[in-house]
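For the sequence shown, this note's numbering assigns the number -18 to the initial residue and increments by one for each residue that follows.
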Amino acid sequence: MANSMVDDMRRVREENPFESMMERFDRAAQKLDLNPDLYAVMRVPNRELKVYIPVRMDSGRMEVFEGFRVQHNFARGPAKGGIRYSPDVNIDEVRALAAWMTWKCAVVNVPFGGGKGGVICDPSQMSLGELERLTRRYAAELIDFIGPEKDVPAPDMNTNEQTMAWIMDTFSMHARHTVNAVVTGKPVELGGSRGRREATGRGILFVINEAIKRFKMTPPNTRVAVQGSGNVGGIGARLLHDAGYKVVAISDIFGGIYNPAGIDIPAALAHLQATRSFEEFPGVERVSNQELLELDCDVLAPCATENQITSENSNRIKCRILAEGANGPTTAGADEILHENGVFVIPDILANAGGVTVSYFEWVQNRMGYYWREDVVNERLQDIMVASFNDVAKYAETHAVDTRTAAYMLAIDRVAYDTRMRGIYA
Ligand code: GLU
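This is the structure we're talking about:
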């Protein structure tokens, strides 16, 4: 009994994303010999907002939702990061996600800090009208704290282009003119960037392309297992498939499908869209989301949610390359085991940075009022992802650390430099 309580407590700690983030931050700070004053400033978020959002439900009843926006760091520019709607989002998760945005923007060297928002709600149980009222009131509560120069939200789990259009409109109504640079990930027709929707998946493709070269592998002989089939996993799997990779597994929240000979991804995604499930897709084996992680494959791309690879299952992970499409899919407790087992990790703050990179392009285009062709967006994204991959790989070699620690070191070093040069306003 006592032992199982200790185990439970350890698991709760291990699965607290903020603890996982801090463990990596501390490890990197130590390796960098980070100045203690800078450490004290950088280990905490700049600002945390908590708001209560009253929403008139379709039934006529009033419901009050809880929402957050954490602005983690502004040293390099406006805060930047998505907003997530989920029944179990909490402040620790939002705080970790905000910090990851700071490190992610620094890894790819875009001029933003980090932020993240969350609203505790279950969008699957809400009508479009309820979601619109929730979004507009949440945006109104944040009105003094967001803006093109302050904090620029974007989509994340369970939010999308429509959510961004509502936020943009609410902000614009208060400003009395259209301010499209207040959010990114908007519909293209409203100032969104071409290529933004696919950007996270495309970024994953670009970093996997770089990683397989190190193992002298080519796409047709590289078996990839993808966890998730949303904006990151689904688009990532399709782009990998189109680039000639053998995608052997894919999943949604209910479970996955597996075929060691490769899956026809466009057909599987069409099936998912038509039937809302992979069930009954022919010619494949069914696997659970946990089993998918342990499949025999060359590249594993967890593109769904946090805490998938932990101290408990990391010894059973068989891939050579782990490409983290999700934010925080691996706990800090799994890092050492993966490293000892020789898994080449493309850490989340690098692997999934394609989304925020094209968000940066969107913000630039909004401010220029001049819109780029999709091939221009994709080419610039490729340049940044390839350069950042090589920066991290080189940093890992120079400092003899694993790639995750290298990515954190690179990011922290950049943020620390800017913080030191700006000085502390007193
Ligand atoms: N939500 C995405 C992420 O976690 C994108 C953030 C953005 O574009 O600002 O990276």
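C-beta atoms are modelled at their ideal positions from N, C-alpha and C, and glycine is treated no differently.
All values derive from a computational prediction rather than experimental measurement.
A straight-line Cα-Cα distance of about 37 Å links Tyr352 and Arg24.
In the three-state scheme derived from DSSP, where H, G and I count as helix and E and B as strand, Pro129 is classed as coil. Shown here for Val36: same chain residues with a beta carbon closer than 8 Å to its own, the five before and five after excluded, namely Met43, Glu44, Val45, Phe46, Glu111, Arg114, Leu115 and Arg118 in chain order. Between Arg401 and Leu19, the C-beta spacing is below 8 Å. Following the DSSP letters along the chain, one finds Phe187 inside the alpha helix (DSSP H) bounded by residues Ala180 to Arg195.
DSSP, read as helix, strand or coil, puts Ser40 in coil. Between the segment 52 to 67 and the segment 91 to 98 there are three or more C-beta pairs closer than 8 Å, enough to call the two in contact.
The C-beta separation of Phe49 from Gly99 comes to about 5 Å, placing the pair in contact by the 8 Å criterion. Under the DSSP assignment, Gly404 falls outside any beta strand (DSSP E); it carries neither an H nor an E label. For Ala135, the distance from the CB to the nearest heavy atom of the ligand GLU is below 7 Å. By the CB criterion at 8 Å, Leu171 and Val32 fall outside the cutoff.
Scanning Glu275, His53 and Pro247 for the CA closest to the CA of Phe126 turns up His53. Annotation for Gly63 indicates a beta carbon within 7 Å of some heavy atom of the ligand GLU. About 25 Å separates the Cβ atoms of Val373 and Ser174, ruling out a contact at the 8 Å cut-off. Rounded to the nearest whole angstrom, the CA to CA distance from Asn(-16) to Met2 is 26 Å. The distance from the Cβ of Ile34 to that of Val70 is about 13 Å, inconsistent with a contact at the 8 Å cut-off. Per DSSP, reduced to three states, the secondary structure at Gln52 is strand.
The continuous stretches of beta strand (DSSP E) do not include Lys85, which lies in the alpha helix (DSSP H) extending over residues Ile72 to Val88. Here Ser340 has Ala135 and Thr165 as same chain residues with Cβ atoms under 6 Å from its own Cβ, once five neighbours each way along the sequence are excluded. Placement of the Cβ of Asn333 at a distance of less than 7 Å from at least one heavy atom of the ligand GLU is found.
Taking Gly314 as the centre and dropping the five residues before and after it, the same chain places the C-beta of Glu(-5), Thr291 and Ser292 closer than 7 Å to its C-beta, in chain order. The secondary-structure analysis by DSSP pairs Asp233 across a beta bridge with Gly236.
The residue among Arg177, Glu266 and Gly336 with its C-alpha nearest the C-alpha of Cys86 is Gly336. According to DSSP, residue pairing for Ile101 in a beta bridge involves Ser67. Trp81 is a Cβ neighbour of Asn308, given a cutoff of 8 Å.
For Glu266, the closest C-alpha among the options Arg177, Arg297, Ala282 and Ile244 is that of Ile244. Restricted to the segment 273 to 338, the alpha helix (DSSP H) segments that are unbroken, complete and at least 4 residues in length are 313 to 321 and 329 to 332, listed in chain order. Val337 has its CB nearer than 7 Å to a heavy atom of the ligand GLU. Placement of the Cβ of Ser340 at a distance of less than 7 Å from at least one heavy atom of the ligand GLU is found. When Ala162, Val228 and Glu29 are compared, the shortest CA-CA separation from Met349 is found for Ala162. Closest in C-alpha terms to Glu29, from the list Val75, Asp383, Val22 and Arg395, comes Val75. Excluding its 5 nearest sequence neighbours in each direction, Ile246 has C-beta neighbours in its own chain below 6 Å: Ala218, Arg219, His222 and Val228, listed in chain order. Taking every protein chain shown into account, the CB of Lys97 has 16 or more other CB atoms within 10 angstroms, so this residue is buried. Looking from the CA of Arg(-8), the closest CA among Cys284, Ser369 and Asn288 belongs to Asn288.
For the pair of segments examined, the segment 260 to 280 was found to touch the segment 197 to 204: the number of CB pairs separated by less than 8 Å reaches three. Under DSSP, Leu30 forms a beta bridge with Arg50.
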